[in-house]
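For reference, the structure is listed below as structure tokens.
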Amino acid sequence: MSNAITSVLQETRKFPPPAEFTAAAHISSEEQYNAMWNKAKDDPEGFWSEISKNLDWFQPFTKVLEGDMPETKWFVGGKLNVSYNCLDRHLTTWRKNKAAIIWEGEPGDSRILTYQELHREVCKFANVLKKLGVVAGDRVTLYMPMIPELAIAMLACSRIGATHSIIFGGFSSDAVADRNNDAQCKLMITADGGWRRGKEVPLKPAVDEAIKKSPTVEKVVVVKRTGSDVTMVPDRDYWWHDLMEGVSADCPAAELDSEHPLFILYTSGSTGKPKGVLHTTAGYLLGATMTSRWVFDLKDEDTYWCTADIGWVTGHSYVVYGPLANGATSVMFEGAPNWPHEGRFWELIEKYRVSIFYTAPTAIRAFIKWGDEWPNKYDLSSLRLLGSVGEPINPEAWMWYHRVIGGERCPIVDTWWQTETGSIMISPLPGITATKPGSCTRPLPGIVPAIVSEKGEPLEANQGGLLVMTKPWPSMLRTLYGDHQRFQDVYFGKLPGLYFAGDGARCDEDGYYWVMGRVDDVLNVAGHRLSTMEVESALVSHPLVAESAVVGFPHEIKGEGLCCFVTLKTGAGDETLKKDLTSHVRKQIGAVATPDQIRFTNSLPKTRSGKIMRRLLRDIAAGRESGGDTTTLEDYTILAKLRDEE
Ligand code: PRX
Numbered sequence: 001m002s003n004a005i006t007s008v009l010q011e012t013r014k015f016p017p018p019a020e021f022t023a024a025a026h027i028s029s030e031e032q033y034n035a036m037w038n039k040a041k042d043d044p045e046g047f048w049s050e051i052s053k054n055l056d057w058f059q060p061f062t063k064v065l066e067g068d069m070p071e072t073k074w075f076v077g078g079k080l081n082v083s084y085n086c087l088d089r090h091l092t093t094w095r096k097n098k099a100a101i102i103w104e105g106e107p108g109d110s111r112i113l114t115y116q117e118l119h120r121e122v123c124k125f126a127n128v129l130k131k132l133g134v135v136a137g138d139r140v141t142l143y144m145p146m147i148p149e150l151a152i153a154m155l156a157c158s159r160i161g162a163t164h165s166i167i168f169g170g171f172s173s174d175a176v177a178d179r180n181n182d183a184q185c186k187l188m189i190t191a192d193g194g195w196r197r198g199k200e201v202p203l204k205p206a207v208d209e210a211i212k213k214s215p216t217v218e219k220v221v222v223v224k225r226t227g228s229d230v231t232m233v234p235d236r237d238y239w240w241h242d243l244m245e246g247v248s249a250d251c252p253a254a255e256l257d258s259e260h261p262l263f264i265l266y267t268s269g270s271t272g273k274p275k276g277v278l279h280t281t282a283g284y285l286l287g288a289t290m291t292s293r294w295v296f297d298l299k300d301e302d303t304y305w306c307t308a309d310i311g312w313v314t315g316h317s318y319v320v321y322g323p324l325a326n327g328a329t330s331v332m333f334e335g336a337p338n339w340p341h342e343g344r345f346w347e348l349i350e351k352y353r354v355s356i357f358y359t360a361p362t363a364i365r366a367f368i369k370w371g372d373e374w375p376n377k378y379d380l381s382s383l384r385l386l387g388s389v390g391e392p393i394n395p396e397a398w399m400w401y402h403r404v405i406g407g408e409r410c411p412i413v414d415t416w417w418q419t420e421t422g423s424i425m426i427s428p429l430p431g432i433t434a435t436k437p438g439s440c441t442r443p444l445p446g447i448v449p450a451i452v453s454e455k456g457e458p459l460e461a462n463q464g465g466l467l468v469m470t471k472p473w474p475s476m477l478r479t480l481y482g483d484h485q486r487f488q489d490v491y492f493g494k495l496p497g498l499y500f501a502g503d504g505a506r507c508d509e510d511g512y513y514w515v516m517g518r519v520d521d522v523l524n525v526a527g528h529r530l531s532t533m534e535v536e537s538a539l540v541s542h543p544l545v546a547e548s549a550v551v552g553f554p555h556e557i558k559g560e561g562l563c564c565f566v567t568l569k570t571g572a573g574d575e576t577l578k579k580d581l582t583s584h585v586r587k588q589i590g591a592v593a594t595p596d597q598i599r600f601t602n603s604l605p606k607t608r609s610g611k612i613m614r615r616l617l618r619d620i621a622a623g624r625e626s627g628g629d630t631t632t633l634e635d636y637t638i639l640a641k642l643r644d645e646e
């Protein structure tokens, strides 16, 4: 296949799950997995109908699936409510006094909300929303720090059928206004500010700016978090605590259609305009609920912590909806991993005896950089399972996670999914899957991926190509809000009948998937299509390297050359180390991946969710000015620094 992506990553280590983990796991044998997966493939409607019994329905559906990709409807005719499934149904069990959310603020304050208390707050706030004139179908923007009121507001919206659009608290007022306008939001919920590394992130002033350009927003609810001075506009802005006073805690959950829009979440596309990914009630909730149970093997005794901000899809599905629908205890943390010191996460694990920990490779690489002494100071023996999400994890970072955080006893679930997929698609099942560092392993039951060429032809084992989904699944996005044509074009336009959302991957002889990153991160070096991620992994396997980002630049002879940005664990790099790294990569991968340039840098440009912005690095490598959108960059000064370091 001439346009297959050449895969050069050689990884042969394999880690079977510990026997005691397997014995207690929800999915505990290969036969069980095979039976589920095959049933889902051969009789999807029968499979999903059976699985849907894990949700509580007000009215049963009459048809499991209507239509085919891209136009699908799931559980047609059914009625249910997400907040009812996350809260009310636990209140008739012993779980009513179980901790639903254990919250820790950045300054060290904490709050624990039991299912009963959370239910009460949600019902009260749902009544507040109604009083403010919000009705089912209205869009509500949430622009908040990681405080319990954010989860309360989400659940209150879902209780009355309002569609929430959460905007990560790090976005600028312009980004907020764009999203408000795209979604035609009626109400905003925010806070005076939030805490980030000891400083206040002012939110209300950004809302004031955004509202000047958001004509559809009528009212704003403000949570008092930091206590700083804010301007409150009469008849427009209301304090959360004032509104909640004396409000009834009786608010029956609305009986909503399966396909009722639950939330919109904006995600960046290759063009400047963000995409409003729309998820609906039943399918999304079922996906979040079942994957939480299967992948994280959630048990009632667990204290589960997903470190993602709720402003991203990971926080939606795996801080709030998935864990709560399972009656689990979910830890929510407002702060950063390195404030007031680099051991903050480990301190929290020790404090709350966290048993399941789910974080991102970018965080793991930072932990490696800060040194083993930080995790080593704390008791991490409560951990039984680790997870990773957001980008491919380099095998060496995987090994560090396994060894230093997992004490070599915790399985690692490397979970591949996307904002668009709503829930985890490809991941180890921790009781049965022998993991291979760097592979997200096999598809979950009901998920039927394939690796195909640019023309949509299936490729053989170990041939790199495009990762597609061949069958619909309940938690897939239904549209891009207000732009159905773009939804059809972006995800189904390239390969008709197949869902393709931009990743390159290969599937090995064991049926394990190895995601190589976005296809626009793929290089063509002397006729070989190479994954930048694999070269990065080779660099990170060098003992002095903490992090690296590899991009292509125009090269006279090779077409594209390899420019490697490298961050060292300590100290500065010199010419000798450049030579050393070059031969290290050649040794690891081969001459085809010989770096043409190595540039040492103290930091890499990242989005606020931690993804390296390779587009900007490509401009620097090519000596171009950076065009396009840089508003998602976490630290604006980095570009100037990178140019100075040339
Ligand atoms: O490229 C894949 C990468 O993140 C993309 C989805 O990003 P987003 O919608 O922001 O959602 C992130 C959280 C689900 C994917 O197209 N990605 C995510 N998880 C993995 C991954 N790449 C490799 N391995 C993963 N486990």
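Numbering (the working numbering), first residue to last: 1 to 646. Here a beta-carbon is modelled for each residue, glycine too, at the ideal position from N, C-alpha and C. Here the structure is a predicted model, which is why all the values come from computation and not from measurement.
Pairwise C-alpha distance: residue j and residue i
| i | j | result |
| --- | --- | --- |
| Ile-166 | Glu-30 | 39 Å |
| Ser-388 | Thr-307 | 10 Å |
| Asp-192 | Thr-231 | 9 Å |
| Ile-147 | Ser-110 | 10 Å |
| Glu-547 | Met-469 | 31 Å |
| Val-395 | Glu-408 | The sequence given here has Pro at residue 395, not Val. Cα to Cα, the separation comes out at about 15 Å. |
| Glu-373 | Ile-638 | 28 Å |
| Thr-419 | Thr-576 | 43 Å |
| Tyr-304 | Leu-383 | 9 Å |
| Thr-607 | Val-247 | 40 Å |
| Ser-603 | Gln-597 | 17 Å |
| Phe-61 | Trp-294 | 24 Å |
| Asp-229 | Phe-600 | 43 Å |
| Gly-610 | Glu-255 | 38 Å |
| Pro-18 | Ile-405 | 16 Å |
| Ala-538 | Asp-43 | 42 Å |
| Cys-507 | Asp-242 | 56 Å |
| Tyr-318 | Ser-173 | 27 Å |
| Trp-94 | Thr-114 | 11 Å |
| Leu-385 | Met-188 | 37 Å |
| Trp-195 | Val-566 | 31 Å |
Opposing strand residues paired with residue i [DSSP bridges]
| i | result |
| --- | --- |
| Phe-333 | Glu-104 |
| Lys-63 | Val-76 |
| Tyr-358 | Cys-306 and Gly-387 |
| Pro-458 | Val-452 |
| Met-516 | Its beta-bridge partners do not exist; DSSP assigns none. |
| Ile-264 | Ser-165 and Leu-278 |
Residue i, enclosing alpha helix (DSSP H) - first and last residue
| i | result |
| --- | --- |
| Val-295 | 281–296 |
| Trp-398 | 395–400 |
| Ala-183 | 173–183 |
| Phe-500 | First-last for Phe-500: 499–507, but that is the beta strand (DSSP E), not the alpha helix (DSSP H). |
| Asp-242 | 240–244 |
Which of helix, strand or coil DSSP assigns to residue i
| i | result |
| --- | --- |
| Ala-640 | helix |
| His-528 | strand |
| Glu-646 | Because Glu-646 sits at a pLDDT of 47, beneath the cut-off of 50, its placement in the model cannot be relied upon, and the following sentence gives the value as read from the coordinates. DSSP places Glu-646 in coil when its eight states are reduced to three. |
| Trp-37 | helix |
| Glu-534 | helix |
| Gln-597 | strand |
| Asn-3 | Low per-residue confidence applies at Asn-3: pLDDT is 49, beneath 50, and the placement is therefore not dependable, though the value from the model is reported in the following sentence. Note: Asn-3 maps to coil in three-state DSSP. |
| Ala-19 | helix |
| Thr-380 | According to the sequence displayed, residue 380 carries Leu and not Thr. Coil. |
| Leu-256 | strand |
| Asp-372 | coil |
Status (buried if at least 16 other CB within 10 Å, exposed otherwise) for residue i
| i | result |
| --- | --- |
| Lys-186 | buried |
| Leu-203 | buried |
| Leu-617 | buried |
| Phe-58 | exposed |
| Asn-3 | Model confidence at Asn-3 stands at a pLDDT of 49, short of 50, so the residue's coordinates are unreliable; what they give is reported in the following sentence. Exposed: under 16 other Cβ atoms inside 10 Å. |
Limits of the unbroken beta strand (DSSP E) element including residue i
| i | result |
| --- | --- |
| Leu-113 | 110–114 |
| Met-144 | Premise fails: Met-144 is in no beta strand (DSSP E) and is neither H nor E. |
| Ala-162 | Run containing Ala-162: none; DSSP gives neither H nor E here. |
| Ile-412 | 412–415 |
| Tyr-84 | It is not in any beta strand (DSSP E) - Tyr-84 carries neither H nor E in the DSSP assignment. |
| Met-188 | 187–191 |
| His-555 | 545–555 |
7 Å Cβ cutoff, residue i in contact with chain B
| i | result |
| --- | --- |
| Thr-281 | The structure shown contains no chain B, having only a single protein chain. |
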